[in-house]
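Take the sequence shown: its position 51, counted from the start at 1, is 51 in this note's numbering, and no numbers get skipped. Written out below as structure tokens is the structure these notes cover.
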Amino acid sequence: IEVNGSERVTISKCITKNNSIAGIYVTNSKDVLIQNSIFKQNGNGIWITNGDSTELCERITIQGCSIDSSSEMGIKIWINGDNTNWKGIKNVIIKGNLLRYNKFIPIRIMSNSTREILIEGNLIYDNCALATDTINVGAIMNQAGKYVYVIGNRAYDTQSPKKQKYGYLEIA
1 IEVNGSERVT
11 ISKCITKNNS
21 IAGIYVTNSK
31 DVLIQNSIFK
41 QNGNGIWITN
51 GDSTELCERI
61 TIQGCSIDSS
71 SEMGIKIWIN
81 GDNTNWKGIK
91 NVIIKGNLLR
101 YNKFIPIRIM
111 SNSTREILIE
121 GNLIYDNCAL
131 ATDTINVGAI
141 MNQAGKYVYV
151 IGNRAYDTQS
161 PKKQKYGYLE
171 IA
């Protein structure tokens with residue numbers, strides 16, 4: 001499923017499986033609600049980005065979804081670079097979701113143009129969260145996002161072979 005340059009979109013009770021890039025890809029869109037859906041065995045479960053655009057991607061809500069067995073991230077919020085003309089991503093709510101069996105990072109926020117993110121009441125377990133020589137990750141990784149609030153999540157059994165911390169938000 002791709003939501004590109006759209007406003008006031010609701011995606012509910014959908015199942016996406018075996019998509020190489022993402023179960024759902026949201027870019028340059030506003031007021032998007034993704035709820036009560038299943039994203040299984042995709043590259044990324046849900047990928048939110050503003051792409052290479054100067055448009056703002058904002059007011060995105062992900063709630064009540066099951067995101068599992070992604071070969072990359074469960075939920076990826078990412079901007080392709082940090083061009084000063086890009087407006088970024090803001091006002092994202094990730095609430096009441098199940099994230100399990102994802103290969104890399106269950107929730108990853110990347111870019112200093114990403115701001116005002118609420119991650120609340122999610123159940124995150126049995127993810128791999130692979131580490132590299134320079135980055136150790138837990139269940140939630142905030143990499144330069146601003147005003148990121150992590151409240152009341154339960155995270156356990158996320159495997160990470162490294163124990164150092166590099167200033168990223170980690171829960172596990």
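For every residue, glycine included, the Cβ atom is placed at its ideal position computed from N, Cα and C.
Closest Cα partner of residue i within the set the options
i             : options                     : result
lysine 30     : Lys76, Ile117, Ala155, Val3 : Val3
isoleucine 62 : Glu72, Ile77, Ser69, Gln143 : Ile77
glutamate 72  : Ser66, Val26, Asn44         : Asn44
proline 106   : Asn91, Asn142, Lys87        : Asn142
Bridge partners - residue i, DSSP secondary structure assignment
i              : result
asparagine 142 : Ile109
tryptophan 47  : Tyr25, Lys76
leucine 118    : Ile93, Tyr149
isoleucine 62  : Ile34, Ile94
isoleucine 124 : Leu99, Ala155
isoleucine 67  : Phe39, Leu99
Cβ neighbours of residue i in the same chain (closer than 6 Å, five flanking residues each side left out)
i             : result
glutamate 120 : Lys95, Ile151, Gly152
isoleucine 15 : Ile38
asparagine 36 : Ser12, Lys13, Gly64
N- and C-terminal bounds of the beta strand (DSSP E) containing residue i
i            : result
serine 6     : No beta strand (DSSP E) holds serine 6; DSSP gives it neither H nor E.
aspartate 31 : 30 to 35
cysteine 14  : Note, cysteine 14: premise wrong, no beta strand (DSSP E); not H, not E.
CA-to-CA distance, residue j to residue i, given in whole angstroms
i              : j              : result
lysine 17      : arginine 8     : 24 Å
threonine 114  : tyrosine 147   : 9 Å
aspartate 157  : asparagine 127 : 7 Å
asparagine 102 : isoleucine 93  : 20 Å
serine 20      : lysine 40      : 11 Å
serine 6       : alanine 155    : 33 Å
7 Å Cβ cutoff, residue i in contact with chain D
i           : result
tyrosine 25 : Reference to chain D is not applicable here, since this structure consists of a single protein chain.
Same chain, Cβ closer than 7 Å to residue i, five either side skipped, listed in chain order
i            : result
threonine 10 : Leu33
Spatial neighbours of residue i in its chain, beta-carbon cut-off 8 Å, leaving aside the 5 residues before and after
i             : result
isoleucine 89 : Ile48, Thr49, Asn50, Leu56, Cys57, Glu58, Ile60, Ile77, Ile79, Ser111, Ser113, Thr114, Arg115
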